[in-house]
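Start counting the sequence shown at 643; every next residue gets the next number (my numbering). In this text, a Cβ means the ideal position worked out from N, Cα and C, and glycines have one as well. Everything on this sheet refers to the single structure shown next.
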Amino acid sequence: MQRVPPLPHGMLDSTRVLLDANGTAKLSGYGEQLLIPEEASQKILIHSIKMSGYSAPEQIVRGHGPLQPSDSSADVYAFGVLLLELLTGRKALDTSRGSHESLLADFFKPMLNDTQTLLTYIDPRMQGHISLEDICRAADLAAECLAIEPQRRVSMSTCVAELVQIRHSQRIPSRAHSPSRESPSRKAIPKSHSRLYYNEIG
Numbered sequence: 643m644q645r646v647p648p649l650p651h652g653m654l655d656s657t658r659v660l661l662d663a664n665g666t667a668k669l670s671g672y673g674e675q676l677l678i679p680e681e682a683s684q685k686i687l688i689h690s691i692k693m694s695g696y697s698a699p700e701q702i703v704r705g706h707g708p709l710q711p712s713d714s715s716a717d718v719y720a721f722g723v724l725l726l727e728l729l730t731g732r733k734a735l736d737t738s739r740g741s742h743e744s745l746l747a748d749f750f751k752p753m754l755n756d757t758q759t760l761l762t763y764i765d766p767r768m769q770g771h772i773s774l775e776d777i778c779r780a781a782d783l784a785a786e787c788l789a790i791e792p793q794r795r796v797s798m799s800t801c802v803a804e805l806v807q808i809r810h811s812q813r814i815p816s817r818a819h820s821p822s823r824e825s826p827s828r829k830a831i832p833k834s835h836s837r838l839y840y841n842e843i844g
């Protein structure tokens, strides 16, 4: 059953995405922010927002109070950060990388439309599991989630539809070519693009 308008999560991050025995993702933590006492909410939320790496720009500016249903675009922003984590194998916030690269979203947003540069940062463990075309589709989706202006971000229903298409395309082998030849648009991640950060991902 779907709630209309949707209930925003407000504290979405990778620790709240759980996998069951079949590998199906389940989202936990709904309503946690509502359990924070009102007198403590501002201080706690400001700290958690600044330290998470998942916060949308408008959350940092506002810095307090529970998200309202109209703020669901902040969850979309956080989901864009999750997509970047999956694509790169990096953490949303990693202070060991220095100030320039510590925030994943801030570091990668300028290169999301630069395929050649982006590919040098793709997690090499994806090699052979996902096509170059679908890497680019996922990166484009992340870019739409990470728009600065909330009204320019895609909806979560659009995110789901696009990811279902990407997943579906990975399961259907191309019949247009023989097994020994790949379509140029379905190339695997070139090894020359995926080796750069192999030793840094753990």
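Inter-residue Cα distance where the pair is residue i and residue j
i: A785; j: N755; result: 8 angstroms
i: S738; j: L745; result: 11 angstroms
i: H651; j: P699; result: 16 angstroms
i: G731; j: I764; result: 7 angstroms
i: D717; j: L724; result: 10 angstroms
i: S811; j: A781; result: 16 angstroms
i: M768; j: S715; result: 28 angstroms
i: D736; j: E791; result: 25 angstroms
i: Y696; j: A747; result: 8 angstroms
i: A663; j: H771; result: 21 angstroms
i: S773; j: M753; result: 19 angstroms
i: A667; j: R809; result: 14 angstroms
i: L729; j: S694; result: 18 angstroms
i: I702; j: Q807; result: 33 angstroms
i: P711; j: P766; result: Any reading at P711 must be qualified, since the residue scores a pLDDT of 47, below 50, and its modelled position is unreliable; the value itself is stated next. Taking the straight line from one Cα to the other gives about 38 angstroms.
Closest by C-alpha distance to residue i, when choosing among the options
i: C778; options: I790, L760, R767, Q793; result: L760
i: F749; options: T757, A734, L774; result: A734
i: T757; options: A747, D776, R794; result: D776
i: E727; options: L661, Q807, I808, S656; result: S656
i: D713; options: P752, Q807, I808, Q793; result: Q793
i: K751; options: T762, G722, P766; result: G722
Check whether residue i and residue j have beta carbons under 9 angstroms apart
i: V659; j: L649; result: no
i: G671; j: L654; result: yes
i: L783; j: V796; result: yes
i: L661; j: Y719; result: no
(request) Give a yes or no on contact between the segment 788-802 and the segment 727-742, applying the rule of three or more CB pairs nearer than 8 angstroms. (result) Between the segment 788-802 and the segment 727-742, the count of C-beta pairs closer than 8 angstroms stays below three; the two stretches do not touch.
(request) Counting only runs of 4+ residues fully inside the segment 725-763, write out the alpha helix (DSSP H) ranges in chain order. (result) The qualifying runs are 746-750, 757-761.
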